[in-house]
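> For reference, the structure I am asking about is given below.
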Amino acid sequence: MQPVSMQVSSRPPRSKAQGAMKLKRWLSSPLAAIIAIALLWQALTVALNVPTRYLPPLSHVFADAWSVRDALAAAFGRTLLETVLGFFAGSILGVAFGVMFAYVRTLERSLFPLFVVAQTMPVVAFGALVVMWFGNTLLAKVVMALFLSFFPVTVNALRGLRAVDPSRVGLMRSFGASHAMLFAKLALPSAAPQIVVGLRVAISLALIGSIVGEWFGETVGLGVMLLQATYTEDMVRIWTTIVACGVMGSCLYWILAIVEKRFVWWKAAN
């Protein structure tokens, strides 16, 4: 009877390999980058004794945020509401104009240049007009967010619809597809990845529009906190507001990325 030879595998256990892959994936994630920047911020400001008037330690920012947590939560909620409403309205309007410009060339030639000119208007000047038109109301801030967010959605919707493969259009027409079916089954799904790119830009611009709109007579909001801190030269409060705006923008962008992955799953195939 011959002895049975035992072979020792040189490969690491599967659990260790999976753990290493998960660790590598986490280290390359945005969350890891944010934590690294936060730790570096705190360490450098303390080690180099950076004056607070230039850059306060992150621990001071967190302490200030906790001391005004109720007011900060109310301001955060108000700005979030304005941003989300303006973003949704701007997205719907942007897709609608993109579709019209893609299929009605006369509208594109006559109106699109006006949209471009409107985007060169100073945001502060337009904000003053909006407040005079609609008053110091929630609607005025939503209109500001809409104004800044609809244009990138329009441009990307137009580009996406214009980039539809003509051979696919011809194939569907050969099978008797109507114009409505071509749009619903081919044009819109093909343009969806490009539209999502515009939505990513629009969500950040909507936040900027809400904050700028709050500078014109609002009583609550992150823009109000930022303006008040600027008047009093409270550098810690300014950074508290900046961090709060960054958190809001990151969360909205993350939610949009999840929606994109869930509903535009064919993007990778394009």
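Under numbering that gives the first Met the number 0, the first residue of the sequence shown is numbered 0, with each subsequent residue one higher. The beta-carbon is built from N, C-alpha and C at its ideal position, and this holds for glycine as well.
1) Short check: CB of V223 to CB of P151, under 8 Å?
2) One question on the structure: do A73 and A144 come within less than 8 Å of each other, judged by their Cβ atoms?
3) Find out if the Cβ-Cβ distance for the pair G220, R77 is shorter than 8 Å.
4) Please classify Y102: does DSSP put it in a helix, a strand, or coil?
5) Taking only the alpha-carbon atoms, compute the straight-line gap between A267 and A156 and give it to the nearest angstrom.
6) Could you tell me if A70 is buried or exposed, where buried requires 16 or more neighbouring beta carbons within 10 angstroms of its beta carbon?
7) Using only CA atoms, which one of T240, A179, I33 and A88 lies nearest to V67?
8) Decide if S177 is buried, meaning its Cβ has at least 16 other Cβ atoms within 10 Å, or exposed.
9) When you compare the CB positions of K140 and S209, do they come within less than 8 Å of one another, or not?
10) Put N269 into one of helix, strand or coil per three-state DSSP.
11) Any idea what DSSP makes of P151, helix, strand or coil?
Result, derived from the coordinates:
1) Position 224 of the sequence shown, counting from 1, holds the residue named residue 223. Position 152 of the sequence shown, counting from 1, holds the residue named residue 151. Contact: no.
2) Translated into the one-based positions of the sequence shown, residue 73 becomes position 74. Translated into the one-based positions of the sequence shown, residue 144 becomes position 145. Their beta carbons are not under 8 Å apart, which means A73 does not touch A144 by this criterion.
3) The residue you call residue 220 lines up with position 221 of the sequence shown. The residue you call residue 77 lines up with position 78 of the sequence shown. Yes, Cβ-Cβ distance for G220 and R77 is below 8 Å.
4) Mapped onto the sequence shown, residue 102 falls at position 103. Three-state DSSP puts Y102 in a helix.
5) Numbered from 1 along the sequence shown, position 268 holds the residue referred to as residue 267. Numbered from 1 along the sequence shown, position 157 holds the residue referred to as residue 156. Unreliable positioning characterises A267 in this predicted model, as indicated by a pLDDT of 46, which lies under 50. The coordinate reading is nonetheless provided below. Each residue's alpha carbon lies about 18 Å from the other.
6) The residue labelled residue 70 in the question sits at position 71 within the sequence shown. Counting Cβ neighbours within 10 Å, A70 comes out exposed, since fewer than 16 surround it.
7) Within the sequence shown, numbered from 1, the residue matching residue 67 stands at position 68. Selected option, being the one with the closest Cα: T240.
8) Position 178 of the sequence shown, counted from the start, is the residue given in the question as residue 177. By the neighbour-count rule (16 or more Cβ atoms within 10 Å), S177 is not buried but exposed.
9) Mapped onto the sequence shown, residue 140 falls at position 141. Mapped onto the sequence shown, residue 209 falls at position 210. Closer than 8 Å, so yes.
10) What you label residue 269 is simply residue 270 of the sequence shown in a count that begins at 1. For N269, the predicted model reports a pLDDT of 45, less than 50, meaning its position is unreliable; a value from the coordinates is still stated below. Three-state DSSP puts N269 in coil, outside helix and strand.
11) As a position in the sequence shown, residue 151 is number 152, starting the count at 1. Note: P151 maps to helix in three-state DSSP.
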